[in-house]
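Residue numbers (full-length UniProt numbering): 1 to 171.
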């Protein structure tokens, strides 16, 4: 059964933390320069994800660690499945730099060898799936997957996790 939410709870996506504990943490544990940057961030960015407002100001990320502007290092347990290899993985950084030097972008009207190699490798890892569609983000991937599933099955109901983030599109 779906939990009953107030009108204000229904219109938010994610976790907007404006609790007394959060205010105390900001006042006691965050230096003035970081507070100023967090305030500027809140002024200029429309946040829609978890931990709004932002927790800290990062300057570096290496492996599983994130480092704030004061040099404090945190082990990142966020787990949003974007950084499975760890931040700044040397092989990934090297491959990205190499690709940026030759071809930064290619529309699907054209093709290129790295894209073909990637598609071939990906389909070799997914038995029974012999084609891929690259999308610009997770929201698009979820939307397209739902459209494909509906087209193939003729069914329109889907299961999802309650109060989880599945993308920020209107599709």
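Built from N, CA and C at the ideal position, the CB exists for glycine as well. Keep in mind that this is a model prediction, so the values were computed, not measured.
Residue of the options minimising C-alpha distance to residue i
i           : options              : result
residue 130 : 118, 34 and 40       : 118
residue 31  : 123, 94, 97 and 55   : 55
residue 95  : 114, 106, 77 and 110 : 114
residue 164 : 154, 142 and 153     : 142
residue 136 : 22, 67 and 108       : 108
Per DSSP, the bridge partner or partners of residue i
i          : result
residue 65 : 62 and 75
residue 87 : 63
Residue i vs residue j beta-carbon contact at 7 Å
i           : j           : result
residue 53  : residue 61  : no
residue 59  : residue 65  : no
residue 92  : residue 100 : no
residue 103 : residue 112 : yes
residue 128 : residue 167 : no
residue 132 : residue 122 : yes
C-alpha distance - residue i paired with residue j, whole-angstrom precision
i           : j           : result
residue 10  : residue 17  : Residue confidence for residue 10 is low, a pLDDT of 48 falling below 50, so the modelled location carries little weight; the figure read from the coordinates is stated next. When rounded, the distance between both Cα atoms is 15 Å.
residue 169 : residue 87  : 27 Å
residue 150 : residue 156 : 6 Å
residue 36  : residue 44  : 13 Å
residue 89  : residue 116 : 23 Å
residue 27  : residue 71  : 19 Å
residue 46  : residue 34  : 19 Å
residue 174 : residue 29  : With the chain running from 1 to 171 in the structure shown, residue 174 is simply not present.
residue 152 : residue 134 : 19 Å
Neighbourhood of residue i by C-beta, 6 Å cutoff - its chain only, sequence neighbours within 5 removed
i           : result
residue 38  : 54
residue 69  : 57 and 59
residue 140 : none
8 Å Cβ shell around residue i - same chain, five flanking residues per side excluded
i           : result
residue 12  : Because the pLDDT of residue 12 is 48, which lies under 50, any placement of that residue in the model is unreliable, and the number read from its coordinates should be weighed accordingly. Here the set comprises nothing.
residue 160 : 166
Cutoff 7 Å; reference residue i; Cβ partners in own chain excluding five residues on either side
i           : result
residue 144 : 133 and 135
Check: residue i C-beta below 6 Å from any heavy atom of the ligand HEM
i          : result
residue 31 : Questions concerning the ligand HEM fall outside what the structure shown contains, since it holds no ligand whatsoever.
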